[in-house]
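Working notes, beginning with the structure itself.
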Amino acid sequence: MSARPPLLALDQALGLIEDRFGPVTAVVPARAAEAAGFVLGADLHARSLLPAADNSAVDGYALGPGHGPWRLNGRAAAGQPHAGPVAAGEAVRILTGALVPAGTTAIAMQEYAAVEDGYLSLAELPPPGANIRRAGEAVKPGDRVFARGTRLRPLHLGLLADLGLDEVAVHAPLRVALLSSGDELRPAGSATAAHQVIDSNRPQLRAALTRLGCAVTDGPILPDRRDVITEALLAAARDHDLVITTAGMSVGDEDHVPVVLRTRGEMIFHRLALKPGRPVGLGTLGGTPVLGLPGNPGAVAVTFSLLGLLLVRRLAGEAVRPPQGFPLPAAFAYDKPAGDRAVLPGRIGPDGVERVARQAAGNLAWTATATGFIAIEETRTSVAPGEPVTFLPFDGAWP
């Protein structure tokens, strides 16, 4: 009997996703004001200056040529420009955001100015151009403001409005089918017998996909029958850009999804050196990617965060790399065998990152207190308090 090949490392699986998968949805026009959450399908270039004209960065005085004192002559505020230029030996009272009058050499901050009998004096002359926001200093026509593959955020919409861009080219929503399998599963909200469990994977995945702008189809909970699972997977693959399944991905008698992928399509990888989350796999049916996640809800959270999000975002057109995390000192001790990437629920505490649960696979109770995942590399066999570990906050790893 031949030995099983070594398990694929997480980083190798992520590399296969990056190499194999890119945007699959059409590029369509969208109103810029309603485009938050969408992914740009083309580079976005400015058509105007930002700022559109020279304006004041402070409340103060626009100085005409000279060394003072300056005779005060007029006022400028945002939306209320000063009429005409500022002459030599004169100054104009100016407020933040107001257009800078022609002839202004610099703007003196009001904190350093003294006004008496209609004349302005300064202890020190500001340098030429001081406190003036120049037209186009932030953005000029033709500048690339956003690159293709950028997921637009609410803050981005403000910039689009500033630049007068009212329409953008975006990727259409990714069509994702969600399937679960298992004779023991019951829909959320159902009563359960002792031999049954709630399908808690469906709500967490549906919510995450919806926040990423996907058009999600809720498929049925499938029985542990290969013929039914085969038919459901093939139908979902025909009508969607991505199929995500939970359960049925290991090597037991009732684990049918890997068999379907191998016999009716392609298996790209199956089973990783990852705990929790070993029984995860990725393949295709008719060219449509099929991501098979484990059945345990905690393992689903881990594998979707580390693998599924990358796949979804790349298929949706987003230019992203795998989550990197950042090092923090461990506030716990931990031992593990070499060879697996261990992922633990954690949170940042006063002494570093704390472990919040003994195990993450079987349930989601740890989500009430965890704020991210702790990743411990395959080569490490122990962690001592104070040693660095990688922390991946949910705000970065989970949408």
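Heads up, the sequence shown is in the working numbering, so the first residue is 755 and it goes up one at a time.
Built from N, CA and C at the ideal position, the CB exists for glycine as well.
Check: Sufficient close CB pairs (3 or more, under 8 angstroms) joining the segment 828-844 to the segment 901-909; Outcome: no
Check: Cβ contact (3+ pairs, closer than 8 angstroms) linking the segment 807-825 and the segment 846-865; Outcome: yes
Check: Per-residue DSSP class, three states only, for HIS1024; Outcome: strand
Check: Sequence-distant residues of its chain with Cβ nearer than 8 angstroms to ARG992 (five each side left out); Outcome: GLY1040 and THR1042
Check: Beta-carbon contacts of ARG898 that lie in its chain and below 6 angstroms, excluding the five residues immediately before and after; Outcome: ASP797 and HIS799
Check: Neighbour-count burial assignment, ARG1109, 16 or more Cβ in a 10 Å radius; Outcome: buried
Check: Beta-carbon gap between LEU959 and ILE983 smaller than 9 angstroms; Outcome: no
Check: Classification of SER875 by the beta-carbon crowding that lies within 10 angstroms, buried from 16 upward; Outcome: exposed
Check: Contacting residues, own chain, Cβ-Cβ under 6 angstroms from THR1057 (five flanking each side not counted); Outcome: GLY1031, VAL1034 and LEU1047
Check: HIS925, DSSP secondary structure in three states; Outcome: strand
Check: Same chain only: Cβ atoms within 6 angstroms of VAL893, ignoring 5 sequence neighbours per side; Outcome: ALA800 and LEU804
Check: 3-residue-minimum beta strand (DSSP E) runs that sit fully inside the segment 976-1031, ordered along the chain; Outcome: 996-1000 and 1020-1024
Check: Residue of GLY1100, ALA1084 and PRO1091 minimising C-alpha distance to GLY1240; Outcome: Here the chain has residues from 755 to 1153 only, and residue 1240 is not among them.
Check: Residue-level contact to chain C via CB, ARG887, 9 angstroms cutoff; Outcome: Of the protein chains in the structure, only one exists, and it is not chain C.
Check: Integer Cβ distance of ASP1158 from ILE975, believed to fall under 8 angstroms; Outcome: Since the first residue shown for the chain is 755 and the last is 1153, residue 1158 is missing from the structure and cannot be characterised.
Check: Beta bridge counterpart(s) of GLN834 as assigned by DSSP; Outcome: ALA831
Check: Reduced DSSP category for PRO918 - H, G, I as helix; E, B as strand; rest coil; Outcome: Note on residue identity: the sequence assigns Gly, not Pro, to residue 918. Note: GLY918 maps to coil in three-state DSSP.
Check: Cβ-based burial, VAL1005 [other Cβ within 10 Å; buried from 16]; Outcome: exposed
Check: Residue closest to GLU788, alpha-carbon to alpha-carbon, out of GLU1072, PHE1080, VAL1013 and VAL922; Outcome: VAL922
Check: Coil, strand or helix - GLY857 by DSSP; Outcome: coil
Check: Straight-line gap, SER756 to GLY943 (C-alpha atoms, nearest Å); Outcome: For SER756, the predicted structure reports a pLDDT of 49, less than 50, and the residue's modelled location is therefore unreliable. A value from the coordinates is still provided. Approximately 46 angstroms, taken between the alpha carbons.
Check: One or two residues paired with GLU1131 in a DSSP bridge; Outcome: None, per the DSSP bridge assignment.
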